[in-house]
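Just so you know, the sequence shown maps onto residues 1 to 95 in the UniProt record's numbering. All C-beta atoms in this analysis are idealised placements derived from N, C-alpha and C, irrespective of residue type, glycine included. Report on one structure; see the data block that follows.
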Amino acid sequence: MMDPGLQSLLMLFSSLIALRICFCYFYHSKKPISHKISICSVPEVGGAWPIIGHMHLLGGRKLIHKTLSAMADKYGPVFTIRFSPIDQMALPQSC
């Protein structure tokens, strides 16, 4: 058996190491990444809901291809729509 004082000291030490690892992870993940390369962004369609994204825009009385065509007229030939929390890039025109 291990001494209770040594066991509590070991538990405290391992907890501090775990907290340090979590702190370092969250600190470095929230840091903005600075690149010297300019990144071209694609416009995102407005009106996304938190969980379902833009699915409510595609479930109306209009057909899906008509809705996507109207979005392409408004946002250009390439735009981003959101289905659930995942972003999708839409290319409604054939290449």
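Would you mind sorting Ile64 into buried or exposed? The rule is 16 or more other CB atoms within 10 Å of its CB.
-> Under the 10 Å beta carbon count, Ile64 is surrounded by fewer than 16 other beta carbons and is classified as exposed.
For Gly53, is the classification buried or exposed, using 16 other Cβ atoms within 10 angstroms of its Cβ as the cut-off for buried?
-> Result: buried.
Look up Asp87 in the DSSP assignment and give the residues it is bridged to.
-> Within the DSSP secondary-structure output, Asp87 pairs in a beta bridge with Arg82.
Short Cβ contact (8 Å threshold) for Phe79 with Ala90 | Yes. Within cutoff.
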